[in-house]
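Chains as they are written, first to last, in the working numbering: chain A, 284 to 665; chain B, 159 to 403. All C-beta atoms, glycine included, are put in the ideal place defined by N, C-alpha and C. Worksheet: the structure to be examined is printed underneath.
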Amino acid sequence: MEHSVHITDCALVTGLGVGVDHVWSQLLAGKTAIRDVERFSTKNYITNLAATVPDLRAAAAGQSRLYPLLEMLLAQLAEVPAQARLITATTKGAIDLLEMQCRQPDSAGKVPEQVQLGTVPSWVAHKLRLQDCGINVNAACTSSTLAIARGAALIAHGGAEVVVVVCADLVSEFVFSGFSALQALAVEASRPFDCQRSGLTLGEGAAALVLMSAEAAQRYGCKKLAQVRGWGAANDANHITAPARDGCGLIQTIKQAVAQAQIELDDVAAISAHGTGTIYNDMMEITAFRAVFGERQLPLSSIKGALGHTLGAAGGIEAVLALKSLDTGIVPPTCGLLSPEQLIAKQVSSDKQTFCGDMLLSTNSGFGGVNAALVLQRGEQC
Amino acid sequence: MLSADICGFGWVSVDGLGAGLSATNSCPFGEFRRGELPPVQRKDVLSRPDRSFGRMDQFSRLGLAGIALALRDAGLETWQDKRNIGVLAATVTGCMYTDVDYFKTVLEGQGLFASPQLFAYTLPNTFLGEAALRFGLTGNCQVLNSGINGDESHALAVVRTAMESIAWGENEKVIVGYCDLGDQGALHAPGALFMVLQPSTVAQADSVAALKLAVDEQGRLRSNDRTICSLQDLIKHLACTSSSA
Numbered sequence: 284m285e286h287s288v289h290i291t292d293c294a295l296v297t298g299l300g301v302g303v304d305h306v307w308s309q310l311l312a313g314k315t316a317i318r319d320v321e322r323f324s325t326k327n328y329i330t331n332l333a334a335t336v337p338d339l340r341a342a343a344a345g346q347s348r349l350y351p352l353l354e355m356l357l358a359q360l361a362e363v364p365a366q367a368r369l370i371t372a373t374t375k376g377a378i379d380l381l382e383m384q385c386r387q388p389d390s391a392g393k394v395p396e397q398v399q400l401g402t403v404p405s406w407v408a409h410k411l412r413l414q415d416c417g418i419n420v421n422a423a424c425t426s427s428t429l430a431i432a433r434g435a436a437l438i439a440h441g442g443a444e445v446v447v448v449v450c451a452d453l454v455s456e457f458v459f460s461g462f463s464a465l466q467a468l469a470v471e472a473s474r475p476f477d478c479q480r481s482g483l484t485l486g487e488g489a490a491a492l493v494l495m496s497a498e499a500a501q502r503y504g505c506k507k508l509a510q511v512r513g514w515g516a517a518n519d520a521n522h523i524t525a526p527a528r529d530g531c532g533l534i535q536t537i538k539q540a541v542a543q544a545q546i547e548l549d550d551v552a553a554i555s556a557h558g559t560g561t562i563y564n565d566m567m568e569i570t571a572f573r574a575v576f577g578e579r580q581l582p583l584s585s586i587k588g589a590l591g592h593t594l595g596a597a598g599g600i601e602a603v604l605a606l607k608s609l610d611t612g613i614v615p616p617t618c619g620l621l622s623p624e625q626l627i628a629k630q631v632s633s634d635k636q637t638f639c640g641d642m643l644l645s646t647n648s649g650f651g652g653v654n655a656a657l658v659l660q661r662g663e664q665c
Numbered sequence: 159m160l161s162a163d164i165c166g167f168g169w170v171s172v173d174g175l176g177a178g179l180s181a182t183n184s185c186p187f188g189e190f191r192r193g194e195l196p197p198v199q200r201k202d203v204l205s206r207p208d209r210s211f212g213r214m215d216q217f218s219r220l221g222l223a224g225i226a227l228a229l230r231d232a233g234l235e236t237w238q239d240k241r242n243i244g245v246l247a248a249t250v251t252g253c254m255y256t257d258v259d260y261f262k263t264v265l266e267g268q269g270l271f272a273s274p275q276l277f278a279y280t281l282p283n284t285f286l287g288e289a290a291l292r293f294g295l296t297g298n299c300q301v302l303n304s305g306i307n308g309d310e311s312h313a314l315a316v317v318r319t320a321m322e323s324i325a326w327g328e329n330e331k332v333i334v335g336y337c338d339l340g341d342q343g344a345l346h347a348p349g350a351l352f353m354v355l356q357p358s359t360v361a362q363a364d365s366v367a368a369l370k371l372a373v374d375e376q377g378r379l380r381s382n383d384r385t386i387c388s389l390q391d392l393i394k395h396l397a398c399t400s401s402s403a
């Protein structure tokens with residue numbers, strides 16, 4: 284790599300509230316954002332639970348909740364240089380607009396233009412006054428991890444000096460009903476890596492990360508909160524909705540990320556797992572982690588028992604929280620965990636765990652057989 | 159300087175579908191125009207019976223067809239071991255028509271009859287998963303939606319991204335292309351166009367290898383000493399260069 288890649292600013296909105304420090308303190312306190320859904324009727328679905336952002340409302344009737352969510356997010360960022368490249372990550376964007384359109388009696392299959400995912404980077408670019416009109420990465424639950432990876436690659440190879448990554452997804456009836464129909468939702472709050480886990484709980488949220496080369500960080504006087512050392516992406520080539528049971532894609536992804544980081548596997552000190560709480564995802568991850576790290580008892584956590592599964596935003600939210608983990612040497616509690624899967628019983632905890640080391644691995648996997656990983660290194664104190 | 163070779167391409171348009179410039183194509187390659195796409199049949203795309211094909215939404219069939227035909231043209235349709243080939247697909251409207259169809263099933267029964275089958279296709283990257291498992295593609299597979307600025311050259315960003323992915327060693331080959339059911343996409347017409355890109359150092363026997371791509375020092379995309387300013391330029395060049403090779 285020609286240039287090192289540093290995270291110099293970040294922002295967060297989740298069901299636990301607004302702001303990185305606030306969400307982090309709530310997580311460490313074992314709080315959960317999972318609550319009854321009030322924005323649509325859940326009477327015909329298998330659960331009524333999701334981790335929604337409190338008081339998230341559209342600015343006016345007929346508008347999307349996505350933009351107030353992004354407003355709350357972007358307001359936390361310091362000014363972003365106008366020449367920054369922009370990469371967004373969302374799987375369904377302003378899907379609530381499509382719902383509204385479909386509910387109209389005369390909709391006749393019309394699709395509002397604002398539902399096109401390309402409108403999201405355009406809106407963010409305008410809001411941040413960027414020259415680049417941006418691009419949206421859409422790769423299911425790995426979208427934002429791949430967006431960060433793409434931004435890091437651009438900087439590492441000299442294609443950009445500053446990249447801002449913005450990720451967001453909403454809880455909508457569209458998505459809720461679909462996961463319910465797939466029998467993928469847990470009836471009670473999800474319990475990642477628990478023996479009794481029975482599915483995921485949806486969440487909504489948004490994250491933003493500003494990536495800079497060391498030279499740009501110095502020029503703009505920005506603190507280097509963490510370094511993006513490595514990244515990887517691979518497809519299982521196995522099934523469109525189920526993960527490969529042998530974890531082949533995730534194994535390949537982690538190996539790529541570690542190789543690119545030019546570190547040893549022993550240098551990885553903790554793992555922020557995807558940990559959706561579904562039977563197959565969590566077991567696939569356990570299989571992959573054991574295949575890569577063997578018997579090492581690396582502290583491992585999933586935040587989805589507290590924040591829900593935020594789909595395209597998940598990897599971005601987890602990367603922001605990983606900065607706090609690296610800063611404090613703490614992985615947050617895996618909320619909902621009562622009886623951990625035996626193979627990783629010493630690695631996961633319903634309490635926060637401490638770790639020693641400077642490198643954290645963050646992984647995501649999703650529909651379409653996609654897998655993505657980041658290796659993040661501790662930076663200057665937050 | 160960034161460079162790559164196009165070693166195959168496949169396409170579906172309102173006039174038909176095909177792989178490269180083969181005489182067996184249903185029509186000559188060269189133009190994407192507005193109109194109604196022909197139904198994509200399994201036998202046009204896949205050499206073996208495939209029960210899942212009939213269950214796919216129209217967007218996935220279209221995209222899968224473009225990818226399968228590009229791989230056929232590049233001589234990569236058959237495989238034994240999984241391969242580090244990535245897929246980058248640009249789309250504007252993606253699976254939005256499927257989204258509408260799915261949400262109708264939700265509204266019809268107040269959620270009771272929501273179709274899990276349709277829901278699985280309400281992610282625009284699902285067809286990349288379909289392609290990955292059928293052709294053993296283990297590279298980075300993702301859909302890209304461009305920001306909207308009215309600049310025709312912006313549609314080429316995905317090609318440049320694919321070239322970078324190869325140059326930076328992320329994937330051995332990348333299948334890159336465009337797929338839209340409506341005429342709001344980069345093709346300005348319903349259809350799909352996918353190209354297989356490989357490092358320019360790889361020896362290639364077939365005719366399409368004559369198509370070399372490079373990004374010059376000014377950041378312009380060039381092919382065989384011609385500047386490519388838009389996707390329409392690239393389509394014309396693809397047709398001209400390949401037929402003269």
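Separation of the CB atoms of residue 588 of chain A and residue 620 of chain A is rounded to 7 Å, and the pair is thereby assigned contact status at 8 Å. In the assembly as shown, residue 434 of chain A is a buried residue. Its beta-carbon has 16 or more other beta-carbons within 10 Å. Here residue 287 of chain B carries a helix assignment [DSSP, helix/strand/coil].
In the structure shown, the three-state DSSP call for residue 338 of chain B is strand. For residue 277 of chain B, the nearest CB of chain A lies under 9 Å from its own CB, placing it at the interface with that chain.
Counting C-beta pairs with one atom in each stretch, the segment 373-393 of chain A and the segment 402-420 of chain A have three or more that are closer than 8 Å, which means they touch. For residue 439 of chain A, the closest C-alpha among the options A:363, A:495, A:624, A:612 is that of A:495. Not a single CB atom of chain A sits nearer than 9 Å to the CB of residue 159 of chain B.
Only those residues of the segment 428-441 of chain A whose C-beta falls short of 7 Å from the nearest C-beta of chain B are listed: 429, 436, 440.
Remark: fewer than three beta-carbon pairs, one from each stretch, lie closer than 8 Å, so the segment 594-610 of chain A and the segment 623-637 of chain A are not flagged as touching.
Within the model, the alpha-carbon separation for residue 393 of chain A versus residue 662 of chain A is close to 49 Å. Interface residue (Cβ-Cβ distance to chain B less than 9 Å): residue 499 of chain A is not classified as such. In terms of beta-carbon proximity, residue 560 of chain A stays away from the interface with chain B, with every pair separated by 9 Å or more. Per DSSP, the unbroken beta strand (DSSP E) holding residue 169 of chain B starts and ends at 160-171. Distance from the CA atom of residue 346 of chain A to the CA atom of residue 216 of chain B, rounded to whole angstroms, is 29 Å.
For residue 395 of chain B and residue 489 of chain A, the gap between their C-alpha atoms comes out near 42 Å.
If you draw a straight line from the Cα of residue 367 of chain A to the Cα of residue 253 of chain B, it is about 30 Å long.
Cβ proximity to chain B below 8 Å picks out 516, 517, 518, 519, 520, 521, 522, 523, 524 from the segment 499-529 of chain A. Following the DSSP letters along the chain, one finds residue 191 of chain B in no beta strand (DSSP E), marked with neither H nor E. Taking a C-beta cut-off of 9 Å against chain A, the contacting residues of the segment 192-217 of chain B are 210, listed in chain order. Residue range 349-356 is occupied by the beta strand (DSSP E) that includes residue 352 of chain B. For residue 546 of chain A, the nearest beta carbon of chain B is not closer than 9 Å to its own beta carbon. Residues of the segment 472-499 of chain A with a C-beta less than 7 Å from any C-beta of chain B: none at all. Within chain B, the residues placing a beta-carbon under 7 Å from that of residue 423 of chain A are 281, 283, ordered along the chain.
In terms of beta-carbon proximity, residue 386 of chain A lines the interface with chain B, with at least one pair separated by less than 9 Å. Residue-level contact by beta carbon fails for residue 364 of chain A and chain B, as no gap is shorter than 9 Å. Proximity of residue 453 of chain A to chain B, defined by a Cβ-Cβ separation below 9 Å, is not satisfied. Taking a C-beta distance under 9 Å as the contact criterion, residue 458 of chain A and residue 485 of chain A qualify as a contact pair. In the three-state DSSP reduction, residue 536 of chain A falls in the helix class (H, G or I). Among the residues of the segment 389-402 of chain A, those with a Cβ less than 9 Å away from any Cβ of chain B are 390, 392, 393, 394, 396, 398, 399, 400, 401, 402, in the order of the chain. In terms of Cα proximity to residue 349 of chain A, the closest of A:328, A:380, A:359, A:331 is A:380. For a cut-off of 8 Å, the C-beta gap from residue 224 of chain B to residue 351 of chain B is around 6 Å, short enough to register as a contact. For residue 260 of chain B, the nearest beta carbon of chain A is closer than 9 Å to its own beta carbon. Three or more Cβ pairs closer than 8 Å define a contact, and the segment 565-572 of chain A meets that threshold against the segment 522-538 of chain A. Residues of the same chain with a CB within less than 8 Å of the CB of residue 296 of chain B, apart from the 5 flanking positions on each side, are 240, 241, 242, 243, 290 in chain order. When rounded, the separation of the alpha-carbon atoms in residue 200 of chain B and residue 227 of chain B is 12 Å.
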